[in-house]
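Worksheet: one structure, shown below.
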Amino acid sequence: MKMPPALPRLIALLILVAVPLVEHNAYWLHVFSLALIAAILALGMQLLLGMAGLLSLGQGAFYGIGAYVAGALAANYGVPFLLTLLAGGLAAAAASLLLVPIVRLKGTSLAVATLGFSIIVHLVILNEEWLTGGSLGLMDIPKPTLFGVSVADDDVFYWVCLVILVLVFVAMDRISKSRFGRALSAICQDEEAARASGIRLAWSKSKCFLVAAFTAGVAGGLFAYHSRYLSPSDFTFNESIEIMIMAVIGGLGSLSGAVVGAFVVVLMPEVLRSSGELRMILFGLAVILLMAAGNLGIVGLASLAAAKLFGLFSSARAWVSKPREAN
Amino acid sequence: MIYDQFLQTLLGGLAIGCIYSLIALGISMIVRATDILHFAQGEVMMVGAMTGFSSGVWAGNAPLLALIGGTFGGGLMAVAVELGVYRPLRARRVPLINVVIATIGVSIVLQNVARLVWGSEPLAYPALFETRGLVISGFTVSPQLATIVVLSVLIMAALAVFFRYSRAGIAMQAAAQDPDAARLMGISVERATVNTFAVSGMMAGAAGVLLGSLFFASFNMGFITGIKAFVAAVLGGLGSVPGAMVGGLLFGVIETFSAMFISTSYKDAVGMVVLILILLVAPMGLFGRAGRQV
Chain A
2 MKMPPALPRL IALLILVAVP LVEHNAYWLH VFSLALIAAI LALGMQLLLG
52 MAGLLSLGQG AFYGIGAYVA GALAANYGVP FLLTLLAGGL AAAAASLLLV
102 PIVRLKGTSL AVATLGFSII VHLVILNEEW LTGGSLGLMD IPKPTLFGVS
152 VADDDVFYWV CLVILVLVFV AMDRISKSRF GRALSAICQD EEAARASGIR
202 LAWSKSKCFL VAAFTAGVAG GLFAYHSRYL SPSDFTFNES IEIMIMAVIG
252 GLGSLSGAVV GAFVVVLMPE VLRSSGELRM ILFGLAVILL MAAGNLGIVG
302 LASLAAAKLF GLFSSARAWV SKPREAN
Chain B
1004 MIYDQFLQTL LGGLAIGCIY SLIALGISMI VRATDILHFA QGEVMMVGAM
1054 TGFSSGVWAG NAPLLALIGG TFGGGLMAVA VELGVYRPLR ARRVPLINVV
1104 IATIGVSIVL QNVARLVWGS EPLAYPALFE TRGLVISGFT VSPQLATIVV
1154 LSVLIMAALA VFFRYSRAGI AMQAAAQDPD AARLMGISVE RATVNTFAVS
1204 GMMAGAAGVL LGSLFFASFN MGFITGIKAF VAAVLGGLGS VPGAMVGGLL
1254 FGVIETFSAM FISTSYKDAV GMVVLILILL VAPMGLFGRA GRQV
């Protein structure tokens, strides 16, 4: 007897839905919403790194582009909430087309070139005051409303983020099982073999960048409404590195792992706040220790433990219900 | 006096470039020996700057002692993280990306430990070198910058001699080129790897002292400098020793000149654009050997 595979995901979703019912502290709800936004980012990164094996350090840039486009449209032109999210995603996707020439780079070269891209985008955000407000940041982002109803309350906004996270998760799940997703994992395993099987490398990789950038742009749009003030220091290359940590820490290639990784990266420094100055040291040590778990990540370790428990449980039941021969 | 200004800028660019080169060399050597992208190399540099500061102050503003203290501080720190973190991870046969992320973890830890030990205020280095302008055949030369260039060239020359003539240096190269063949020749690859980390850490530590004497030493000086050195190493071709030297110099000069002639706020962007353009033409970098996967 095996554990049904969708069960842990369903339980996790129910827990996530219930969070605002249990936790009323505005600060913590704020942090949890941020973790949901980070999870969307990590899912996009998982598509790049976990499925296609593309180490891109440019996701922070697309996050920033999405945030600024959505924030500016909302603050200056009063564009409705969902449209600005879409615009943020589309703008980030359009910007990802700039990366088309460099997708053919491999490994380290790709990582450093995309890192260069995020440094350039950060400098543009910081210095083009007419466009982004420069180092003062982008202010006066209105409260989000859906069909005329305000969704700015901490709990409602949390649920909005959760709905979008679930949509992105389902989309990524579908992608991973599609022809495109299989092409990406073929590229990840062996580029030459993939090319020989008729996969267009540059096309598939560019598409992968595009989808991941769109995801990061939507997350950026949500972040604009989440903090309602955008500062260039939110979108340095550190953001890209943090997104990479999220995707790897939970379990490389696993979508649930990306979500768990995002929660760990966002929540751990908050949880460790009581340890004061030791906080970031403990965080760094935790990152190192989790890396020792190998490919599994947190989710892999947890499911290994769960399978062991479950196996123990069912073998015990089998032992109890086994018909005994009369002796 | 436009010539004078040009030379001043060039010297400044070369001095910064030498510092990038020293760090980039370490990054390149580590990649060649272990395939690890060492994101903590900038933090090793910072530790060197801090230990150099402490030993220099303790010895009463002795520049040589600061340099020695920084060099050994950086070397010891690099050996410590190799033995304490990377080797156990490699022994567990975790994927390479995990080791790379562990280097980011190491960088976070080192940064915050340094903040605890040396505080969060930038530390002003005592005047290690002469600061009065020297006039050589009509041109004013900053002795500080000149000293940095001369010292860096000496260090890199020593490295070249070490690689060419010493037993340990030759063993390190052999182990990096082909670990299996090196093992068959009786070389301990493990020891060669530790030596690689020691030498790369010492160079980063020396770079830290030089950078600290130019500006300040502070707990967060390492990461961005490390990233720039990384870019320099990729520019020259990861894994190539001359590539790291040239890449560092080139990156330093580009950065300084674009700050001077284009805009100070976009000086980092110019370097990145040059990097991306070079990678488009030569994906392995300027001195990279095609065919080797790094």
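As you go down the protein sequences, you meet chains A and B in turn.
Residue numbers for the first sequence follow my numbering, so the first one is 2 and each next one is one higher.
Residue numbers for the second sequence follow my numbering, so the first one is 1004 and each next one is one higher.
Here a beta-carbon is modelled for each residue, glycine too, at the ideal position from N, C-alpha and C.
The structure presented is a predicted model; accordingly, all values stated were derived computationally and were not measured.
With a Cβ-Cβ cutoff of 8 angstroms, do G1298/B and I1026/B count as a contact?
Because chain B spans 1004 through 1297 in this model, residue 1298/B falls outside it and cannot be assessed.
CB contact below 8 angstroms: A1272/B versus chain A
Taking the first residue of the second sequence as 1, we reach residue 1272/B at position 269. Chain A, which has a Cβ nearer than 8 angstroms to the Cβ of A1272/B, makes this yes.
Which residues, taken in chain order from the region 10-23 of chain A, show a beta carbon closer than 8 angstroms to some beta carbon of chain B?
none
Proximity of T1106/B and G1076/B at Cβ, strictly below 8 angstroms
Along the second sequence, read from residue 1 onward, the residue named residue 1106/B stands at position 103. Along the second sequence, read from residue 1 onward, the residue named residue 1076/B stands at position 73. Taking 8 angstroms as the Cβ cut-off, T1106/B and G1076/B do not qualify as a contacting pair.
Extract the residue ranges of the alpha helix (DSSP H) inside the region 1008-1065 of chain B, only unbroken runs of 4 or more that lie entirely within it.
1044-1061
Residue closest to I1227/B, alpha-carbon to alpha-carbon, out of I120/A, Q47/A and L100/A:
Numbered from 1 along the second sequence, position 224 holds the residue referred to as residue 1227/B. Here the closest residue by C-alpha is I120/A.
Is it buried or exposed, Y1089/B, if we count other Cβ atoms within 10 angstroms and call 16 or more buried?
Position 86 of the second sequence, counted from the start, is the residue given in the question as residue 1089/B. Buried, by the Cβ-count rule.
What is the DSSP secondary structure of M2/A, counted as helix, strand or coil?
The residue you call residue 2/A lines up with position 1 of the first sequence. Model confidence at M2/A stands at a pLDDT of 46, short of 50, so the residue's coordinates are unreliable; what they give is reported in the following sentence. Coil at M2/A, not helix or strand.
How close, in whole Å, do the beta carbons of A53/A and M247/A come, if the pair is a contact with beta carbons under 8 angstroms?
By 1-based counting over the first sequence, the position of residue 53/A is 52. By 1-based counting over the first sequence, the position of residue 247/A is 246. Actually they do not touch by this definition, with Cβ atoms about 17 angstroms apart.
Does the Cβ-Cβ distance between L1070/B and M1248/B come in under 8 angstroms?
For the purposes of this step, residue 1070/B is taken as residue 67 along the second sequence, with counting starting at 1. For the purposes of this step, residue 1248/B is taken as residue 245 along the second sequence, with counting starting at 1. Contact flag unset, no.
Taking Cβ positions only, does E271/A come closer than 8 angstroms to chain B?
In the first sequence, residue 271/A corresponds to position 270, counting from 1. So no, E271/A is outside the interface.
Taking the alpha helix (DSSP H) that N26/A falls in, what are its first and last residues?
Along the first sequence, read from residue 1 onward, the residue named residue 26/A stands at position 25. Counting along the chain, N26/A sits inside no alpha helix (DSSP H), nor does DSSP assign it H or E at all.
Proximal residues of chain B, C-beta to C-beta of I103/A below 8 angstroms:
As a first step, residue 103/A must be located in the first sequence, where it is residue number 102. Think of a sphere of 8 angstroms around the beta carbon of I103/A: the chain B residues whose beta carbon falls inside it are I1279, L1282 and L1283, in chain order.
First through last residue of the alpha helix (DSSP H) which encompasses F1218/B:
Locating residue 1218/B in the second sequence gives position 215, counting from the first residue. No alpha helix (DSSP H) holds F1218/B; DSSP gives it neither H nor E.
For the region 133-142 of chain A against the region 71-81 of chain A, do three or more pairs of beta-carbon atoms, one drawn from each stretch, fall closer than 8 angstroms, so that the two count as touching?
yes
Which chain A residues are close to F1233/B, counting only those with a beta carbon under 7 angstroms from its beta carbon?
Residue mapping note: residue 1233/B aligns to position 230 of the second sequence, counting from 1. Simply V113.
Residue environment, V1273/B, which counts as buried when at least 16 other CB atoms sit within 10 Å
Counting from 1 along the second sequence, the entry for residue 1273/B is found at position 270. V1273/B should be labelled buried.
Residues bridged to S151/A (per DSSP):
For the purposes of this step, residue 151/A is taken as the residue at position 150 of the first sequence. Answer by DSSP bridge pairing, in chain order: T146/A.
From L273/A to F63/A, what distance separates their C-alpha atoms?
Position 272 of the first sequence, counted from the start, is the residue given in the question as residue 273/A. Position 62 of the first sequence, counted from the start, is the residue given in the question as residue 63/A. So the alpha carbons of these two residues sit roughly 29 angstroms apart.
Keeping to the same chain, check which residues put their C-beta closer than 7 angstroms to that of L1017/B; ignore five residues upstream and five downstream.
By 1-based counting over the second sequence, the position of residue 1017/B is 14. Excluding sequence neighbours, L1017/B sits near V1152, L1252, G1255 and V1256.
Delimiting residues of the alpha helix (DSSP H) encompassing A53/A
Locating residue 53/A in the first sequence gives position 52, counting from the first residue. Taken as a continuous stretch (DSSP letters only), A53/A belongs to no alpha helix (DSSP H), as it is neither H nor E.
Is A1127/B helix, strand or coil by DSSP?
Walking along the second sequence from the start, residue 1127/B turns up at place 124. In the structure shown, A1127/B sits in a strand (DSSP, three-state: E or B).
Does any residue of chain A bring its CB to less than 8 angstroms from the CB of S1268/B?
Taking the second sequence and counting its residues from 1, the one referred to as residue 1268/B is at position 265. Residue contact check for S1268/B against chain A: a CB pair falls below 8 angstroms.
Give me the subset of the region 1066-1100 of chain B whose CB atoms are less than 8 angstroms from a CB atom of chain A, sorted by chain position.
V1088, P1091, L1092, R1095, R1096, V1097, P1098 and I1100
Count the CB pairs spanning the region 12-19 of chain A and the region 199-219 of chain A that are closer than 8 angstroms, and state whether there are at least three.
no
Counting C-beta neighbours from all protein chains within 10 Å, is the total for G199/A 16 or more, i.e. buried, or is it exposed?
Start at 1 with the first residue of the first sequence, and residue 199/A comes out as number 198. Per the 10 Å Cβ criterion, exposed.
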